[in-house]
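Residue numbers (our numbering), protein chains in the order written: chain U, 379 to 763; chain X, 379 to 763.
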């Protein structure tokens with residue numbers, strides 16, 4: 379993608395490329411967050427207020443704010459002692475597999491955010507790759523269909539670990555309460571553990587879809603949730619995330635919360651005090667207002683993107699509960715041939731759906747993170763295609 | 379330790395406990411570092427200077443400063459592309475094992491900083507624990523003798539991985555060039571990889587002992603070095619470290635640098651921009667002067683500790699090249715009985731040597747991180763014992 383876009387730009391130096399392929403936020407950080415981090419830096423510069431090693435599971439001021447606002451305020455029973463702060467959801471998603479047996483059977487959505495697959499590959503759980511099908515022999519692929527809002531249904535067979543992501547990257551879908559309940563029931567039935575990635579939950583603001591898996595009855599016995607400050611508070615360069623593991627989650631007689639704490643105490647040493655102060659500031663009334671305004675702006679851009687894609691004649695999904703629009707490419711084209719067409723004819727860079735697994739072929743992903751102005755310009759060019 | 383100290387304090391609320399058990403720094407951060415981090419926070423708060431995801435291996439500005447100052451200025455041939463920045467040496471030391479086969483044979487010093495053993499245990503490489511000997515069946519223990527400055531000699535047998543730490547925690551020893559050359563020769567002979575923890579290298583300032591394993595000829599084919607900003611720039615709460623892996627380090631046809639990059643790209647997402655700016659500031663002329671002054675103060679305290687322990691009649695080691703003094707407990711006592719005596723009779727908290735493995739029994743560790751005033755008071759009490 380980057381290579382083709384760069385080559386095109388070299389050949390057409392006058393075209394302003396409109397980048398709708400980005401998964402990164404545009405910033406800047408909210409003033410309340412900046413203020414809190416500046417104060418934390420100043421604290422570390424004075425002997426009386428210096429802080430060295432922090433608690434490995436994160437400072438209580440942050441874990442309490444998260445427990446209260448992200449969980450309890452939504453009827454999800456998660457306490458501060460069940461939250462483990464980290465340097466980001468990417469690390470947590472990559473590391474969580476350490477708690478499970480190497481031969482654990484992993485299910486992923488199709489299409490899927492590739493990080494879950496990569497982690498399974500590194501852990502030796504993916505088997506061998508078949509270039510013909512684009513599938514790994516050891517993974518269970520869960521088809522995601524437009525008629526289900528691209529949320530997968532539980533498989534017939536039992537598995538050990540299931541990656542779920544709602545709101546979803548790349549499809550922009552978001553699970554209903556009923557869909558998540560079906561997964562919780564399935565997991566409690568067969569003993570699977572649901573690995574629920576809530577990185578985009580802020581985009582559900584104002585909807586009635588669950589923002590945490592722990593809003594669903596029974597989830598405390600079968601789910602782990604991954605939280606991120608990247609897409610809400612713009613922390614992609616600051617680094618802060620967290621895992622919520624209920625004390626009731628037990629497998630083979632072991633508390634997964636205890637196992638995770640042990641893992642982290644050996645292979646991690648806590649997140650930066652500065653980042654944790656910044657994250658906590660996102661929960662103050664002022665910080666919350668500012669962060670919500672940033673997310674709302676991105677949601678407006680996503681909505682424009684959805685409408686623009688539809689106006690350009692594409693069948694498009696997502697865009698209301700997530701920063702992504704997932705569109706079918708025109709008949710007779712592939713993800714990559716449509717990528718090339720968009721690049722050459724419109725100077726628009728999007729992400730070929732086939733990069734998200736075999737089920738992504740025939741789709742393209744547009745991201746709203748570039749901001750409203752970029753999206754407006756791109757929509758205008760799409761319309762004239 | 380913490381429990382016994384707390385119980386004593388409850389019974390004797392008037393005694394001012396002098397804590398020489400700490401491994402944490404006292405701070406504050408150097409002004410140049412504070413200024414750089416404050417500027418970085420401000421940058422993230424403005425749209426024009428905001429930065430999102432950084433390079434997974436760390437920003438070039440930091441990797442170039444490290445390559446130049448930590449390696450090339452000392453005749454160690456390491457380039458910026460061979461340095462991978464992280465959130466700290468604890469994570470790196472815990473994660474490096476991911477590159478090697480599960481059945482890899484690991485050698486550790488005895489006594490040893492427990493994190494290396496814990497990492498081997500979590501990775502399933504340690505075998506079973508024998509409470510009678512205090513040893514893990516799967517580990518090769520390298521005895522560290524006073525007459526060798528507590529640096530271990532290569533074993534007769536071949537191993538796959540060897541943890542070396544110089545200057546050493548807990549013994550305060552530091553390897554000579556000859557000792558490290560013997561290890562490099564051994565490793566190149568049998569194919570072992572040396573895992574060299576240089577967290578305390580700043581304490582070698584002004585000595586002729588190697589501050590990097592890569593000052594030793596042949597190390598580029600057999601060593602990985604762990605760098606930390608915790609004990610030099612006081613980053614225990616900020617979090618920043620790095621691994622140096624030479625491009626020539628190849629095992630079973632695989633470049634370990636490439637493997638590490640791949641591991642990090644899946645299971646990590648780069649360190650905080652703010653922390654990296656702070657770390658880079660420690661290499662400016664002003665930052666370097668300030669950081670050196672902090673280390674020098676800690677070294678003065680360590681020297682006082684060594685002299686005080688000797689004046690108290692203890693046989694003591696370390697204290698000149700490291701923040702730790704390692705002392706033999708009086709005849710007829712154990713690490714723990716001497717710990718109790720120090721606590722009860724002097725109100726001094728130290729670390730029982732037996733916590734660092736079976737070879738630590740009969741020793742106690744004093745740390746100079748509490749600062750000169752604490753050390754002076756403790757030495758005074760030791761003298762009157």
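Yeah, the Cβ is synthetic: ideal placement off N, Cα and C, and Gly gets one too.
Beta carbon of residue i, beta carbon of residue j: below 8 Å?
i: residue 460 (chain X); j: residue 623 (chain X); result: yes
i: residue 596 (chain U); j: residue 547 (chain U); result: no
i: residue 512 (chain U); j: residue 505 (chain U); result: no
i: residue 644 (chain X); j: residue 493 (chain U); result: yes
i: residue 604 (chain U); j: residue 575 (chain U); result: yes
i: residue 422 (chain U); j: residue 615 (chain X); result: yes
i: residue 598 (chain X); j: residue 455 (chain X); result: yes
i: residue 734 (chain U); j: residue 701 (chain U); result: no
i: residue 651 (chain X); j: residue 420 (chain X); result: no
i: residue 500 (chain X); j: residue 641 (chain U); result: yes
i: residue 729 (chain U); j: residue 399 (chain U); result: yes
i: residue 756 (chain U); j: residue 440 (chain U); result: no
i: residue 660 (chain X); j: residue 611 (chain X); result: yes
i: residue 564 (chain U); j: residue 532 (chain U); result: yes
i: residue 382 (chain U); j: residue 721 (chain U); result: yes
i: residue 731 (chain U); j: residue 713 (chain U); result: yes
i: residue 753 (chain U); j: residue 683 (chain U); result: yes
Give me the residue from the options with the minimum Cα distance to residue i.
i: residue 584 (chain X); options: X:699, X:441 and X:703; result: X:699
i: residue 658 (chain X); options: X:405, X:381, X:386 and X:410; result: X:410
i: residue 579 (chain U); options: U:563, U:565, U:560 and U:554; result: U:554
i: residue 466 (chain U); options: U:503, U:505, U:652 and U:618; result: U:618
i: residue 646 (chain U); options: U:662, U:420, U:596 and U:436; result: U:436
i: residue 412 (chain U); options: U:655, U:711 and U:674; result: U:655
i: residue 740 (chain U); options: U:759, U:716, U:756 and U:752; result: U:716
i: residue 725 (chain U); options: U:762, U:713, U:701 and U:547; result: U:762
i: residue 458 (chain U); options: U:433, U:485 and U:473; result: U:433
i: residue 629 (chain X); options: X:679, X:470 and X:479; result: X:479
i: residue 544 (chain X); options: X:582, X:517, X:394 and X:456; result: X:582
i: residue 429 (chain U); options: X:431, X:387 and X:403; result: X:403
i: residue 451 (chain X); options: X:650, X:590, X:719 and X:675; result: X:590
i: residue 549 (chain U); options: U:522, U:560 and U:570; result: U:522
i: residue 607 (chain X); options: X:454, X:490, X:737 and X:665; result: X:665
i: residue 750 (chain U); options: U:730, U:697 and U:633; result: U:697
i: residue 681 (chain X); options: X:744, X:733 and X:727; result: X:744
i: residue 695 (chain X); options: X:483, X:468 and X:525; result: X:525
i: residue 503 (chain U); options: U:397, U:514 and U:677; result: U:514
i: residue 431 (chain X); options: X:631, X:394, X:386 and X:648; result: X:648
i: residue 551 (chain X); options: X:610, X:508 and X:487; result: X:487
i: residue 449 (chain X); options: X:558, X:407, X:594 and X:416; result: X:594
i: residue 508 (chain U); options: U:736, U:753 and U:759; result: U:736
i: residue 703 (chain U); options: U:379, U:693 and U:491; result: U:693
Just to confirm the assignment, what range does the alpha helix (DSSP H) spanning residue i have?
i: residue 678 (chain X); result: 663-689
i: residue 492 (chain X); result: 492-500
i: residue 618 (chain U); result: Element bounds for residue 618 (chain U): n/a, residue is neither H nor E.
i: residue 411 (chain U); result: 409-422
i: residue 469 (chain U); result: 467-473
i: residue 564 (chain X); result: 555-568
i: residue 598 (chain U); result: Premise fails: residue 598 (chain U) is in no alpha helix (DSSP H) and is neither H nor E.
i: residue 656 (chain U); result: 651-659
Along the chain, where does the beta strand (DSSP E) that runs through residue i open and close?
i: residue 601 (chain X); result: 601-606
i: residue 763 (chain U); result: First-last for residue 763 (chain U): undefined, no H or E at that position.
i: residue 395 (chain U); result: Unbroken run through residue 395 (chain U): none, as it is neither H nor E.
i: residue 461 (chain X); result: 461-464
i: residue 484 (chain U); result: 484-488
i: residue 742 (chain X); result: 741-745
i: residue 584 (chain X); result: It is not in any beta strand (DSSP E) - residue 584 (chain X) carries neither H nor E in the DSSP assignment.
Apply the 10 Å Cβ neighbour rule to residue i and answer buried if 16 or more other Cβ atoms are within range, or exposed otherwise.
i: residue 384 (chain X); result: exposed
i: residue 709 (chain U); result: exposed
i: residue 388 (chain U); result: exposed
i: residue 705 (chain U); result: buried
i: residue 671 (chain X); result: exposed
i: residue 470 (chain X); result: buried
i: residue 679 (chain U); result: buried
i: residue 393 (chain X); result: exposed
Should the segment 525-544 of chain U be called in touch with the segment 559-578 of chain U, which here means at least 3 C-beta pairs below 8 Å? yes
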